[in-house]
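Inspection log for the structure reproduced underneath, given as structure tokens.
Residue numbers (this note's numbering): 138 to 453.
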């Protein structure tokens, strides 16, 4: 029986972060009276913003070869500024803001893809450089910003709680389900896994490895831009460095969720639970009164421990 359970857990790696969420929630409930259903709603909402960006990171990581998208924080921040500037807090201008934000995310993803696939620059360096350029653009936009406010529809998506259930939780759940079905049923999902397991073998099998990787970076940019747009509504505006925490956290959610950092195997459901677990870890540290610097250290240590315990299956 224990062997069967271990085999099940290896096939469905999301089980481990799900158990981690359950255990950590029970511990928090036992240690403090401040943990309640209302607090859980806040945790789920915070995890939803993280999950949207982390799902894009997951797709990039699945392409293998050490690919990681470090431009996500800059995309989120610039998208938040673009949303505030173009919408001006009016629903009538929201379609323009949405089109601009989506175009920004897709363009960033395609630039990253060109640097990685065509120029063969390592993804970490390419996306970091792109992120720096976007950060400079954000500084320029910040100086010129005149409009402010949050469109009513966008505010409802980011903060609404009909029946006590956060709308963001529903958005994140639907996105996870859609991506899970797409990766499982569509040809692209099979191509993505094949490219992540072995780029040369995928090419020999007739798979367009470059195009598959480019789509992954484009998806990451698009999801990061949408996450930034929603985050601006949740925060009531945009500010510099608002995307910075998501640099480590998107990678952390992907790793904790069971996606192989070596590539070739993605777990959208695991990423969902990984995002929840990471937010709960942060909440635990806040309850314990740890300073921000110590919280970053603990997050890094947790990610390292997970990779170490995963063994050679995670890193080739």
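Cβ coordinates follow ideal geometry from the N, Cα and C atoms, glycine included.
It should be emphasised that the depicted structure is a prediction, and the values quoted were computed from it without experimental measurement.
> If we count the other Cβ atoms within 10 Å of its Cβ and call it buried at 16 or more, is residue 269 buried or exposed?
Replying inline: By the neighbour-count rule (16 or more Cβ atoms within 10 Å), residue 269 is not buried but exposed.
>> Cutting at 8 Å between CB atoms, please list the residues of its own chain near residue 259, excluding the five before and the five after it.
In response: Cβ-Cβ distances below 8 Å link residue 259 to 203 and 253 in the same chain, with the five nearest sequence neighbours on each side left out; the list follows chain order.
> Which runs of the alpha helix (DSSP H) fall wholly inside the region 291 to 366 and span at least 4 residues, in chain order?
Replying inline: 304 to 322, 324 to 334 and 336 to 341, all fully within the region 291 to 366.
> By DSSP, does residue 249 sit in helix, in strand, or in coil?
Replying inline: Residue 249 sits in a helix when the DSSP states are folded into three classes.
> Hey, how far is the Cα of residue 184 from the Cα of residue 308?
Replying inline: Straight through space, the alpha carbons of residue 308 and residue 184 are spaced by roughly 12 Å.
>> Quick check on the burial criterion: 16 or more other C-beta atoms within 10 angstroms. Buried or exposed for residue 196?
In response: Result: buried.
> Between residue 370 and residue 193, which are expected to be in contact by the criterion C-beta below 8 Å, what is the C-beta distance as a whole number of angstroms?
Replying inline: Contact flag wrong, Cβ pair sits at about 19 Å.
>> If you follow the alpha helix (DSSP H) that residue 376 is in, where does it begin and where does it stop?
In response: Element bounds for residue 376: n/a, residue is neither H nor E.
> Touch check for the region 341 to 349 and the region 220 to 240: three-plus C-beta pairs under 8 Å?
Replying inline: The answer is no - the region 220 to 240 does not touch the region 341 to 349, with fewer than three Cβ pairs under 8 Å.
> So residue 199 packs on residue 329, CB below 8 Å; how close in whole Å?
Replying inline: Residue 199 to residue 329, Cβ: 5 Å. Contact.
>> Contact between the region 387 to 404 and the region 288 to 305 is defined here as three or more beta-carbon pairs at a separation below 8 Å; is this criterion met?
In response: Segments in contact, no.
> Helix, strand or coil: which one does DSSP assign to residue 193?
Replying inline: Judged by DSSP in its simplified three-state form, residue 193 adopts helix.
> Of all the options 150, 153, 221 and 165, which has the alpha carbon lying nearest to the alpha carbon of residue 421?
Replying inline: Among 150, 153, 221 and 165, the Cα nearest to that of residue 421 is on 165.
> How close, in whole Å, do the beta carbons of residue 374 and residue 221 come, if the pair is a contact with beta carbons under 8 Å?
Replying inline: With a Cβ gap of about 6 Å, residue 374 and residue 221 count as contacting.
> Is residue 191 near residue 408, with beta carbons less than 9 Å apart?
Replying inline: Their beta carbons are under 9 Å apart, which means residue 191 touches residue 408 by this criterion.
> Beta carbon of residue 293, beta carbon of residue 201: below 9 Å?
Replying inline: Against a cut-off of 9 Å, the Cβ pair of residue 201 and residue 293 comes out as no contact.
> Quick one: what's got a C-beta closer than 8 Å to residue 432's C-beta in the same chain, skipping five residues either side?
Replying inline: Within the same chain, residue 432 has close Cβ partners 419, 422 and 423.
> Alpha carbon to alpha carbon, how far is residue 212 from residue 358?
Replying inline: Taking the straight line joining both Cα atoms gives about 7 Å.
>> Quick check on the burial criterion: 16 or more other C-beta atoms within 10 angstroms. Buried or exposed for residue 356?
In response: With 16 or more other Cβ atoms within 10 Å, it is buried.
> Which of helix, strand or coil does DSSP assign to residue 427?
Replying inline: In the structure shown, residue 427 sits in coil (DSSP, three-state: anything other than H, G, I, E or B).
>> Suppose contacts are defined by Cβ-Cβ distances below 9 Å. Is residue 387 in contact with residue 187 by that definition?
In response: Less than 9 Å separates the beta-carbon of residue 387 from that of residue 187.
> Does the distance from the CB of residue 305 to the CB of residue 214 come in under 9 Å?
Replying inline: No. Outside cutoff.
>> DSSP three-state label for residue 209, please.
In response: Helix.
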